[in-house]
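K.L.:
So that we are looking at the same thing, I have put the structure below in structure tokens.
Protein chains in written order, with this note's numbering: chain A, 1 to 237; chain B, 1 to 237.
Given below as structure tokens:
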């Protein structure tokens, strides 16, 4: 039977090499919250790797000032223009402003590849702890607020200190990339791989984003105990 | 003022070297759920490293049979005897039986160092996902049920396949160790460090155990995509 044969053919097709990733060097990357430590660090590393980067902020002047400091061809714009002009939009805003920022950019982010890297954390005298967003995670909140965007999650475990340190050439870490569509996570993995030392590793669907986001609380404990800027490597891959 | 001076002296005392860990080679390690894949794998590795190990199971005969297969001086006993005779008790039972098993062993586990390595996960056609225990995590459930024990959490991210493979000499991974008391987490780190290739890394308090437990869902996605037995390394420490 044809149907059954077809099914078998599909089944027998060799699995796509998971390390075969697209060329993303021509894509424009926007960074919402690009004046914060994490956003600025990512913008710096991506621009240094040759990517065209636009920093977004609520006020265009602040974004332009931060962009000017970074150099490397980085531009600054208000969040709406940053989103509109970018192919990939990294969301690096504080958790507090996450929902409000994204709600206001629904149109500008329609059709875009959104990469959420926000870690919802609380802090008290004993250190950091996970906050649990109603939607499950920051990434799932983004997906709920942006039904017309392709939402992924990545870049959670990077040290903003290391990212911003011009003395450091390579960042020794893997980037866990989560999302629903392989075409999208492949792009984000490729983008992570542009930064020397980094590797993008697919690490599941958005419903498993919460633990990846909140693991930052554990890395903060590691940093405190070992006076380090801890990152993660996935072994055996 | 004396008080102020004292405080300053305490403050100035050099921080203890986080890699200075106790000698645990003389401690007896019990493994509840030691007939399961994870428990048997851990028992095998610890016994191979020279640790005295007792496998626990509901039925003593099953535990003794599994112990006999492992050799290396491993003993088998029912869960109660396993707990009573051990200094450190690793909890490697299925999540389904976690609460009930621990409730029944409260007396035997009093005063013991308990190491919870249980990952509460659900599974469906899309793979694994995190379950959220009412207490926050499996480890916090253990702490709630065992008020007279010293509860820690560790050994979540190990591949049972690699642990049990006699062809593999070293397991290339770090073990995140969580707990409230440094004396206890130091012992568990030292225990992890007995296994070639492994290193125990302090990674926070029990309130941050949920994300460590449920990250196994992500590692399952990694394994599926890359046909691997993924583990984790913490970088910069």
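Note that CB positions come from ideal geometry on N, CA and C, so glycine has one too.
Answer yes or no: does any C-beta atom of chain A fall closer than 8 Å to that of residue 187 (chain B)?
P.N.:
As a first step, residue 187 (chain B) must be located in the second chain, where it is residue number 187. Taking Cβ atoms only, chain A never reaches closer than 8 Å to residue 187 (chain B), which makes this a no.
K.L.:
Can you tell me which of B:120, B:70 and B:80 puts its alpha carbon nearest to the alpha carbon of residue 44 (chain B)?
P.N.:
The sequence position of residue 44 (chain B) within the second chain is 44, counting from 1. Here the closest residue by C-alpha is B:70.
K.L.:
Expressed to the nearest angstrom, what Euclidean distance is found between the alpha-carbon atoms of residue 158 (chain B) and residue 18 (chain B)?
P.N.:
Position 158 of the second chain, counted from the first residue, corresponds to residue 158 (chain B). Position 18 of the second chain, counted from the first residue, corresponds to residue 18 (chain B). So the alpha carbons of these two residues sit roughly 23 Å apart.
K.L.:
Give the residues from the stretch 122-133 of chain B that approach chain D closer than 9 Å (Cβ to any Cβ), ordered along the chain.
P.N.:
As a matter of chain content, chain D is missing from the structure shown, whose protein chains are A and B.
K.L.:
Out of curiosity, what's the CA-to-CA distance linking residue 73 (chain B) and residue 61 (chain B)?
P.N.:
Here residue 73 (chain B) refers to the residue found at position 73 when the second chain is read from its first residue. Here residue 61 (chain B) refers to the residue found at position 61 when the second chain is read from its first residue. Going by the C-alpha atoms only, they are around 16 Å apart.
K.L.:
Residues of the stretch 191-209 of chain B in Cβ contact with chain A at a cutoff of 8 Å, in chain order, please.
P.N.:
Hits within the stretch, in order: 201, 202, 203, 204, 205, 207 and 208.
K.L.:
Nearest chain A C-beta to residue 231 (chain B) closer than 8 Å, yes or no?
P.N.:
Residue 231 (chain B) sits at position 231 when you count from the first residue of the second chain. Chain A, which has a Cβ nearer than 8 Å to the Cβ of residue 231 (chain B), makes this yes.
K.L.:
Please classify residue 237 (chain B): is it buried, with 16 or more other beta-carbons within 10 angstroms of its beta-carbon, or exposed?
P.N.:
In the second chain, the residue the question calls residue 237 (chain B) occupies position 237. It counts as buried.
K.L.:
Is DSSP giving residue 46 (chain A) helix, strand or coil here?
P.N.:
Taking the first chain and counting its residues from 1, the one referred to as residue 46 (chain A) is at position 46. Helix, per DSSP.
K.L.:
Restricting to runs no shorter than 4 residues, where is the alpha helix (DSSP H) found entirely within the stretch 95-153 of chain B?
P.N.:
Counting whole runs of 4 or more residues, the stretch 95-153 of chain B contains the alpha helix (DSSP H) stretches 98-103 and 138-145.
K.L.:
Excluding sequence positions up to five away, which residues of its chain have a Cβ less than 6 Å from the Cβ of residue 150 (chain A)?
P.N.:
Locating residue 150 (chain A) in the first chain gives position 150, where the first residue counts as 1. Correct list, in chain order: 113 and 184.
K.L.:
So is residue 20 (chain A) buried or exposed if we call it buried at 16+ other beta carbons inside 10 Å?
P.N.:
Counting from one through the first chain, the residue named residue 20 (chain A) turns up at place 20. Classification of residue 20 (chain A): exposed, given that the 10 Å Cβ count is below 16.
K.L.:
Given that residue 165 (chain A) touches chain B, what residues does it touch there, using C-beta distances under 7 Å?
P.N.:
Within the first chain, residue 165 (chain A) is the residue found at index 165, counting from 1. Within 7 Å Cβ-Cβ: nothing; residue 165 (chain A) doesn't reach chain B, min ~12 Å.
K.L.:
Measure from the C-beta of residue 142 (chain A) to each C-beta in chain B and report whether the shortest distance is under 8 Å.
P.N.:
Position 142 of the first chain, counting from 1, holds the residue named residue 142 (chain A). No - not a single Cβ of chain B is within 8 Å of the one on residue 142 (chain A).
K.L.:
Going by DSSP, name the residue or residues bridged to residue 202 (chain A).
P.N.:
The sequence position of residue 202 (chain A) within the first chain is 202, counting from 1. Looking at the DSSP assignment, residue 202 (chain A) forms a beta bridge with A:177.
K.L.:
Give the straight-line distance between the Cα atoms of residue 16 (chain B) and residue 77 (chain A), rounded to the nearest whole angstrom.
P.N.:
Position 16 of the second chain, counted from the first residue, corresponds to residue 16 (chain B). Position 77 of the first chain, counted from the first residue, corresponds to residue 77 (chain A). So the two alpha carbons sit approximately 48 Å from each other.
K.L.:
With a cut-off of 8 Å, does the C-beta of residue 211 (chain A) fall near any C-beta of chain B?
P.N.:
Looking up residue 211 (chain A) in the first chain gives position 211. Chain B contact via Cβ: present.
K.L.:
From what residue to what residue does the beta strand (DSSP E) around residue 78 (chain B) run?
P.N.:
For the purposes of this step, residue 78 (chain B) is taken as the residue at position 78 of the second chain. Residue 78 (chain B) -> beta strand (DSSP E) spans 75-78.
K.L.:
Among all the DSSP beta bridges, which residues are the ones paired with residue 214 (chain A)?
P.N.:
What you label residue 214 (chain A) is simply residue 214 of the first chain in a count that begins at 1. BP columns for residue 214 (chain A) are empty, so no partner.
K.L.:
Relative to the C-alpha of residue 53 (chain B), which candidate in B:117, B:82, B:213 and B:188 has its C-alpha closest?
P.N.:
Against the second chain, residue 53 (chain B) aligns to sequence position 53. Nearest option by C-alpha distance: B:82.
K.L.:
Cβ of residue 197 (chain B) within 7 Å of any heavy atom in the ligand FMN?
P.N.:
This structure lacks the ligand FMN; in fact it carries no ligand of any kind.
K.L.:
According to the neighbour-count rule (16 or more other Cβ atoms, all chains shown, within 10 Å of its Cβ), is residue 196 (chain A) buried or exposed?
P.N.:
Here the question's residue 196 (chain A) lines up with position 196 in the first chain. Its Cβ having fewer than 16 others within 10 Å, residue 196 (chain A) is exposed.
K.L.:
If we cut at 8 Å on Cβ distances, does residue 225 (chain B) have a partner in chain A?
P.N.:
Against the second chain, residue 225 (chain B) aligns to sequence position 225. It does; some Cβ of chain A falls within 8 Å.
K.L.:
Report all residues from its chain with a CB closer than 7 Å to the CB of residue 22 (chain B); omit the five preceding and five following residues, and keep chain order.
P.N.:
Your numbering for residue 22 (chain B) matches position 22 in the second chain. Within the same chain, residue 22 (chain B) has close Cβ partners 186, 187 and 190.
K.L.:
Within its chain, find whatever has a CB closer than 7 Å to the CB of residue 34 (chain B); leave out the 5 residues flanking it on each side and keep chain order.
P.N.:
What you label residue 34 (chain B) is simply residue 34 of the second chain in a count that begins at 1. Cβ neighbours of residue 34 (chain B) beyond the five flanking positions: 40, 43, 55, 56, 57, 63, 66 and 92.
K.L.:
Under 6 Å Cβ to Cβ from residue 75 (chain A), same chain only, skipping five residues before and after it: list those, please.
P.N.:
Counting from 1 along the first chain, the entry for residue 75 (chain A) is found at position 75. Counting only Cβ-Cβ distances below 6 Å, and skipping sequence neighbours, we find 54 and 67.
K.L.:
Could I get the ranges of all uninterrupted alpha helix (DSSP H) runs contained in the stretch 18-69 of chain B, with 4 residues as the minimum, in chain order?
P.N.:
Listed in chain order, they are 37-48.
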